[in-house]
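Asks: Residues in the sequence shown are numbered consecutively from 347, following this note's numbering. Yeah, the Cβ is synthetic: ideal placement off N, Cα and C, and Gly gets one too. On a predicted model such as this, the values are computed, not experimentally measured, just so you know. Take a look at this one; I'll ask things after.
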Amino acid sequence: VQLQASGGGLVQAGGSLRLSCAASGSIFSFNSIGWYRQAPGKPRELVATISNIGSTYYADSLKGRFTISRDNAKNTVNLQMASLKLEDTAVYYCNAVRWGTTYENYWGQGTQVTVSS
């Protein structure tokens, strides 16, 4: 399984970015796909997840600014980020998990998001 994250870049505070996570297999084969982020010197933290039935979860601090969604035609999971703040600067990672008889956990390579003042 390969996850390819894209869409990061440099944006001014208050701006928007859209990240995409493309999976090598059907996104519906995973129980959950989500985004995490890691800022310099800080632990990786959960941003948002979406389940294979469309249920979403967001970190409390990001509710209202970030939106996770699926593009079924493109087989991607997207993260729309709005009203970006300096503290949103981080490497954003795509994550996919699948459980059943075994537990599988996959990570993408990360995409850098830098918010400038």
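Hey, would you say Val443 sits closer than 8 angstroms to Ser378, going by beta carbons?
Replies: Cβ atoms of Val443 and Ser378: closer than 8 angstroms.
Asks: Could you give the uninterrupted runs of the beta strand (DSSP E) lying entirely in the stretch 408–433, keeping only those of 3 residues or more?
Replies: 412–417, 422–427
Asks: In terms of residues, what are the limits of the beta strand (DSSP E) holding Ser352?
Replies: Where Ser352 is concerned, the enclosing beta strand (DSSP E) starts and stops at 349–352.
Asks: What residues match up with Arg444 in a beta bridge as DSSP calls it?
Replies: Glu450
Asks: Within a Cβ cutoff of 7 angstroms, which residues of the same chain sit near Arg416, ignoring the five residues on either side of it in sequence?
Replies: Ile373, Ile396, Val423
Asks: Please name the residue in Asn398, Val347, Gly400 whose C-alpha comes closest to that of Gly371.
Replies: Val347
Asks: Using CA coordinates, which residue listed in Gly354, Gly361, Leu349 is at the minimum distance from Leu430?
Replies: Leu430 has its Cα closest to that of Gly361, out of Gly354, Gly361, Leu349.
Asks: Determine the direct distance from the alpha carbon of Tyr403 to that of Gly354, and round the result to whole angstroms.
Replies: The alpha-carbon separation between Gly354 and Tyr403 amounts to approximately 21 angstroms.
Asks: Can you grab the Cα-Cα spacing for the pair Ala394 / Gln458, in whole Å?
Replies: In a straight line, the C-alpha of Ala394 is about 17 angstroms away from that of Gln458.
Asks: Give every residue of the same chain whose Cβ lies closer than 7 angstroms to the Cβ of Leu356, excluding the five residues on either side of it in the sequence, and list them in chain order.
Replies: Thr460, Ser462
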